[in-house]
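Asker: Pasting a structure here, questions to come.
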Amino acid sequence: MRRPTARAYAASAASLAALLALVPAAARADDTDRAATAATAAAAATAIEKVPYAMDSSNQAAWWTPVATYKGRGQYTYFAFNEPGSTAATHRPAIARRDPDGVWSRLPLLDKSGQQAEFPDDNGHNQSSAARDGSGRLHVFASMHADPWRYFRTEAPGGDVTDHASELPDQGVGITYPVVTTAPNGDLYLAARVGAGSDQRPGKLYRWDNAAARWSVVATFAGALNRSVYPDDLTVDAAGRVHLLYEWAKAPATGFRHQLSYLSYDPSTGAFADSTGAAVTTPVTPATSDVIQELTTGEEWSIDNAYTGPAVQSAKLTLDGSTPKVAYRYRSADSGGNFRVYYAYPSGSDWVRKTVYAGGQTAAALGITWDETDTKRIYYVTGSGTDRVFAATQTADGTWTAESAAPGVTADRLAVRRDSDGNDVLYLPDTAHNSLYYGLR
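With the working numbering applied, the sequence shown corresponds to residues 490 to 930, in that order.
This is the structure:
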């Protein structure tokens, strides 16, 4: 198999001015020399290569977790993505695997007939989330919008990725927004919205017992009458505690949500807790959730997808030790219709919220990682521009500085996963050109 050539982007003296022009002004440091140095260093530190397989334009979502990594003889990366289908209105899910030598291989998701699975396009819903368990099995949840489970996995490392939907609990109910992560002990945790009722659609947490190779229900973690739950992200800390991020919406469904919330689960005790460590009873409701972004002036519960008022739309989670750090997009009454990017973290009994980017419209795509040097790195996608994917960091004086995270690449969506070597692995779809890019910084 041909090995694609990595493209390492470094800003030259001739292109530096153009690169700086792409840094959002509202997030740029006042010190021009310092900003130039930061932009040059960031560009030089970003290595990008094109994944050598065609991507379908439907490969776009905000909630997904399409990246998995594993450290063996080196770093392995797995990208779950949609390939073009047999018609313009369909897609075929697959995994692109990158080995430590930079060689790519393709793993199609196979249905029960042994053919590559194919599903209707449904942007923002019919995309894939993936994880690798402690035994080396790959797990993929693909293309569900209130559909029965569409779940594929390998039996052993290197095997085919085949249909295992019958292994999941809650057979025959509608599943949407599956997000999945790997725990330090090799187990997996999965959060999803379950059900297709018009009066409520709760969120459930599931666990893959790696030793027993079995899925089970942990709990219905959130649910309320006339409300739907939108899982955003989950991660597991070194002690095995699961951290969940989710939004609320008026049932049955809408593109605009409210009351971004946080919850943790301790498998050793079976208890759920808020960000202060106080125990909570599940399923939590909007009234009992640990709310990060409260309702603001003019905000309404609406199922009208033409609603223009305040709302949450997409959020991602990382940890500093066991402390949650959150990036999210919020449209307020005074934002001119734009979804601004915010950073939030718990402090005492409340959440502190900081504006990261307010320079224009953003797309429903976010990432956040915790770096030993930069601390929080927040990735976001602007609504327009040549370079649209940016990484923002905060200086000691509180100033947010952003630079292009993928210079020269016209990506318009984003996912990020930090590998065990401390690198941010960037998943960069360019939906206009049916291309997927891999980035490392």
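Backbone N, C-alpha and C fix where the C-beta goes; we use that ideal spot for every residue, glycine too.
If we ignore side chains and look at the alpha-carbon of each, how far apart do D839 and Y831 end up?
Answerer: Start at 1 with the first residue of the sequence shown, and residue 839 comes out as number 350. Start at 1 with the first residue of the sequence shown, and residue 831 comes out as number 342. Approximately 16 angstroms between the Cα atoms of the pair.
Asker: Output the distance between the C-alpha atoms of I537 and R906, rounded to the nearest integer angstrom.
Answerer: Residue mapping note: residue 537 aligns to position 48 of the sequence shown, counting from 1. Residue mapping note: residue 906 aligns to position 417 of the sequence shown, counting from 1. One C-alpha to the other measures close to 15 angstroms.
Asker: Are there any heavy atoms of the ligand NAP lying less than 7 angstroms away from the beta-carbon of T770, as far as the coordinates show?
Answerer: Ligands displayed in this structure: none; no statement on the ligand NAP is therefore possible.
Asker: Roughly how many angstroms lie between the CA atoms of G686 and A654, to the nearest whole one?
Answerer: For this step, residue 686 is matched to residue 197 along the sequence shown. For this step, residue 654 is matched to residue 165 along the sequence shown. Distance between the alpha carbons of G686 and A654 is about 21 angstroms.
Asker: Looking only at its chain, what residues have a beta carbon closer than 6 angstroms to the beta carbon of L694, apart from the 5 residues adjacent to it on each side?
Answerer: Here residue 694 refers to the residue found at position 205 when the sequence shown is read from its first residue. Here the set comprises A680, V707, A708, F710.
Asker: Is the separation between the beta-carbon of T777 and that of F761 shorter than 8 angstroms?
Answerer: Residue numbering aside, residue 777 sits at position 288 when the sequence shown is read from its first letter. Residue numbering aside, residue 761 sits at position 272 when the sequence shown is read from its first letter. Going by C-beta atoms, T777 is not nearer than 8 angstroms to F761.
Asker: Would you decide whether T864 is buried or exposed? Buried here means 16 or more other CB atoms lie within 10 Å of its CB.
Answerer: Residue 864 sits at position 375 when you count from the first residue of the sequence shown. T864 comes out exposed.
Asker: Using only the alpha-carbon positions, how far apart do L734 and S764 sit?
Answerer: Position 245 of the sequence shown holds residue 734. Position 275 of the sequence shown holds residue 764. Roughly 11 angstroms separates the two Cα atoms.
Asker: Kindly indicate the opening and closing residues of the alpha helix (DSSP H) around A1018.
Answerer: Past the boundaries of the shown model lies residue 1018; the chain is included only from 490 to 930, so the question cannot be answered.
Asker: Starting from T709, follow its DSSP beta bridges and name the residues at the other end.
Answerer: Start at 1 with the first residue of the sequence shown, and residue 709 comes out as number 220. In DSSP, T709 forms a bridge with K693.
Asker: Determine the DSSP secondary structure at S624, reduced to helix, strand or coil.
Answerer: Here residue 624 refers to the residue found at position 135 when the sequence shown is read from its first residue. Coil at S624, not helix or strand.
Asker: Taking buried to mean at least 16 other C-beta atoms within 10 Å of its own C-beta, is V669 buried or exposed?
Answerer: Locating residue 669 in the sequence shown gives position 180, counting from the first residue. Answer is buried; the Cβ neighbour count reaches 16.
Asker: Whether or not the stretch 717-732 and the stretch 644-664 are in contact is what I'm after, with contact meaning three or more pairs of Cβ atoms, one per stretch, closer than 8 angstroms; do they touch?
Answerer: With the cut-off at 8 angstroms, the stretch 644-664 and the stretch 717-732 do not touch.
Asker: Measuring straight from C-alpha to C-alpha, what distance separates E644 and A620?
Answerer: Residue numbering aside, residue 644 sits at position 155 when the sequence shown is read from its first letter. Residue numbering aside, residue 620 sits at position 131 when the sequence shown is read from its first letter. Cα-Cα distance, rounded: 14 angstroms.
Asker: Please report the residue range of the beta strand (DSSP E) in which A795 lies.
Answerer: Residue mapping note: residue 795 aligns to position 306 of the sequence shown, counting from 1. Neither: A795 is in no beta strand (DSSP E) and is coded neither H nor E.
Asker: Please list, in chain order, all residues of the same chain as P667 whose beta carbon is under 7 angstroms from its beta carbon, the five residues on each side excluded.
Answerer: As a first step, residue 667 is located in the sequence shown; it is residue number 178 there, counting from the start. Answer for P667: S618, F630, M633, L679, A681, listed in chain order.
Asker: Does E479 pass the burial test, meaning 16 or more other C-beta atoms within 10 Å, or should it be called exposed?
Answerer: Here the chain has residues from 490 to 930 only, and residue 479 is not among them.
Asker: To the nearest angstrom, report how far apart T899 and A550 are at their CA atoms.
Answerer: Walking along the sequence shown from the start, residue 899 turns up at place 410. Walking along the sequence shown from the start, residue 550 turns up at place 61. Cα-Cα distance, rounded: 17 angstroms.
Asker: Can you tell me whether E644 is helix, strand or coil according to DSSP?
Answerer: Counting from one through the sequence shown, the residue named residue 644 turns up at place 155. Correct three-state label for E644: coil.
Asker: Going by the beta-carbon positions, is the gap between D726 and T671 smaller than 8 angstroms?
Answerer: Residue 726 sits at position 237 when you count from the first residue of the sequence shown. Residue 671 sits at position 182 when you count from the first residue of the sequence shown. Cβ atoms of D726 and T671: not closer than 8 angstroms.
Asker: Check A515 in the structure and name its three-state DSSP category.
Answerer: As a working note, residue 515 is residue 26 in the sequence shown. Caution applies to A515, whose pLDDT of 37 falls short of 50 and renders its modelled position unreliable; the value that the coordinates give is listed next. A515: helix per DSSP, three-state reduction.
Asker: Assign N571 to buried or exposed, taking buried as 16 or more other Cβ atoms, counted over all protein chains shown, within 10 Å of its Cβ.
Answerer: As a working note, residue 571 is residue 82 in the sequence shown. When all chains shown are included, N571 counts as buried.
Asker: Considering only the beta carbon of each residue, do T807 and W859 sit closer than 8 angstroms?
Answerer: Your numbering for residue 807 matches position 318 in the sequence shown. Your numbering for residue 859 matches position 370 in the sequence shown. Yes, they are a contact pair.
Asker: Quick one: measure Cβ to Cβ for R746 and A738, integer angstroms, because I've assumed they're closer than 8 angstroms.
Answerer: As a first step, residue 746 must be located in the sequence shown, where it is residue number 257. As a first step, residue 738 must be located in the sequence shown, where it is residue number 249. Right, their Cβ atoms sit about 4 angstroms apart.
Asker: With DSSP collapsed to three states, give me the class of A530.
Answerer: Here residue 530 refers to the residue found at position 41 when the sequence shown is read from its first residue. With a pLDDT of 46 at A530, under the threshold of 50, the modelled position of this residue cannot be trusted, and the question is left open.
Asker: How far does the beta strand (DSSP E) with H653 in it reach, from first residue to last?
Answerer: Here residue 653 refers to the residue found at position 164 when the sequence shown is read from its first residue. From DSSP, H653 is part of no beta strand (DSSP E); its letter is neither H nor E.
Asker: For D522, collect the residues of the same chain with a Cβ closer than 8 angstroms to its Cβ; drop the 5 residues on either side in sequence, then sort them by chain order.
Answerer: Against the sequence shown, residue 522 aligns to sequence position 33. Confidence at D522 is low in this model, with a pLDDT of 38, below 50, so its placement is unreliable and the value that follows should be read with caution. Closer than 8 angstroms at the Cβ level, and outside the excluded window around D522, lies no residue.
Asker: Around the C-beta of D919, are 16 or more other C-beta atoms found within 10 angstroms, so that it is buried, or is it exposed?
Answerer: For the purposes of this step, residue 919 is taken as residue 430 along the sequence shown, with counting starting at 1. Buried.
Asker: What number of angstroms, rounded off, separates the C-alpha of T651 from the C-alpha of G744?
Answerer: Here residue 651 refers to the residue found at position 162 of the sequence shown. Here residue 744 refers to the residue found at position 255 of the sequence shown. Cα-Cα distance, rounded: 32 angstroms.
Asker: Determine the DSSP secondary structure at N571, reduced to helix, strand or coil.
Answerer: By one-based count along the sequence shown, residue 571 stands at place 82. Strand at N571.
Asker: Does N615 pass the burial test, meaning 16 or more other C-beta atoms within 10 Å, or should it be called exposed?
Answerer: Here residue 615 refers to the residue found at position 126 when the sequence shown is read from its first residue. Label assigned to N615: buried.
Asker: Suppose you measure from the CA of Y916 to the CA of F568; what does that come to, to the nearest Å?
Answerer: Position 427 of the sequence shown, counting from 1, holds the residue named residue 916. Position 79 of the sequence shown, counting from 1, holds the residue named residue 568. For Y916 and F568, the distance between alpha carbons rounds to 7 angstroms.
Asker: Please confirm whether L598 and A583 have their CB atoms less than 8 angstroms apart.
Answerer: In the sequence shown, residue 598 corresponds to position 109, counting from 1. In the sequence shown, residue 583 corresponds to position 94, counting from 1. Cβ atoms of L598 and A583: closer than 8 angstroms.
Asker: Taking the beta strand (DSSP E) that K601 falls in, what are its first and last residues?
Answerer: Here residue 601 refers to the residue found at position 112 when the sequence shown is read from its first residue. Looking at the DSSP string, K601 is not in any beta strand (DSSP E), and its letter there is neither H nor E.
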